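**Q**
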Amino acid sequence: MQVFLPPAPLLAGAHVRGLPSYLEKYRSSINNSDAFWKSVAEELHFEQGTSKGIFSYCTQGLEWNFDVKKGDVFCRFMDGAKTNISYNCLERNIKRGYGNKVVCFAFNKLSFPGTLRIAEFPFLY
Numbered sequence: 001m002q003v004f005l006p007p008a009p010l011l012a013g014a015h016v017r018g019l020p021s022y023l024e025k026y027r028s029s030i031n032n033s034d035a036f037w038k039s040v041a042e043e044l045h046f047e048q049g050t051s052k053g054i055f056s057y058c059t060q061g062l063e064w065n066f067d068v069k070k071g072d073v074f075c076r077f078m079d080g081a082k083t084n085i086s087y088n089c090l091e092r093n094i095k096r097g098y099g100n101k102v103v104c105f106a107f108n109k110l111s112f113p114g115t116l117r118i119a120e121f122p123f124l125y
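Residue numbers (the UniProt record's numbering): 1 to 125.
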């Protein structure tokens, strides 16, 4: 298998700074999942929990059951808390200084073959 590493300047500003960093986060998500997902939740905006803390509304970070023999299949993230996904995806990132950054690239193969569309935060907002 051939591995292509990102350039060092790109890794320096990345959320996950390479494979060792990714593996560390992955192990944490498996070995200490509740603490891991609570730390993820602390990076997000929640409409309930701003003054008392998000964990006053829910005790578990992530709960799940994928075994039908143990009951209903479910997955819950911060059950009991209230958030606004649009705010977390757009406004929070604009406030963090990413307002002029590209959000996504889209290639249109059907209507306009070879056409590349670029969407930035102001376009989505």
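Every residue gets a Cβ at the ideal spot worked out from N, C-alpha and C, and that includes glycine.
The model shown is predicted, which means the values in this text are computed figures rather than measured ones.
(1) Over the uninterrupted alpha helix (DSSP H) stretch that includes residue 40, give me the two end residues.
(2) Identify every residue that forms a DSSP beta bridge with residue 104.
(3) Just to confirm, are residue 65 and residue 74 a CB contact at a threshold of 8 Å?
(4) Here's the rule I'm using: 16 or more other beta-carbon atoms within 10 Å means buried, otherwise exposed. How should residue 61 be labelled?
(5) For residue 62, report the span of its beta strand (DSSP E) as first-last.
(6) Taking just the CA atoms, how far does residue 32 sit from residue 47?
(7) Just reading off the alpha helix (DSSP H) that residue 10 is part of, what are its end residues?
(8) Taking Cβ positions, are residue 105 and residue 90 nearer each other than 8 Å?
(9) Between which two residues does the beta strand (DSSP E) holding residue 75 run?
**A** Based on what the coordinates show:
(1) Looking at the DSSP string, the run of the alpha helix (DSSP H) that includes residue 40 is 33 to 42.
(2) For residue 104, the beta-bridge partners assigned by DSSP are 119.
(3) It is a contact, given that the beta carbons lie within the stated cut-off.
(4) So residue 61 ends up on the buried side.
(5) Per DSSP, the continuous beta strand (DSSP E) segment holding residue 62 begins and ends at 62 to 65.
(6) Each residue's Cα considered, the two are about 26 Å apart.
(7) Here the alpha helix (DSSP H) through residue 10 covers 8 to 12.
(8) Contact flag unset, no.
(9) That run of the beta strand (DSSP E) goes 74 to 77.
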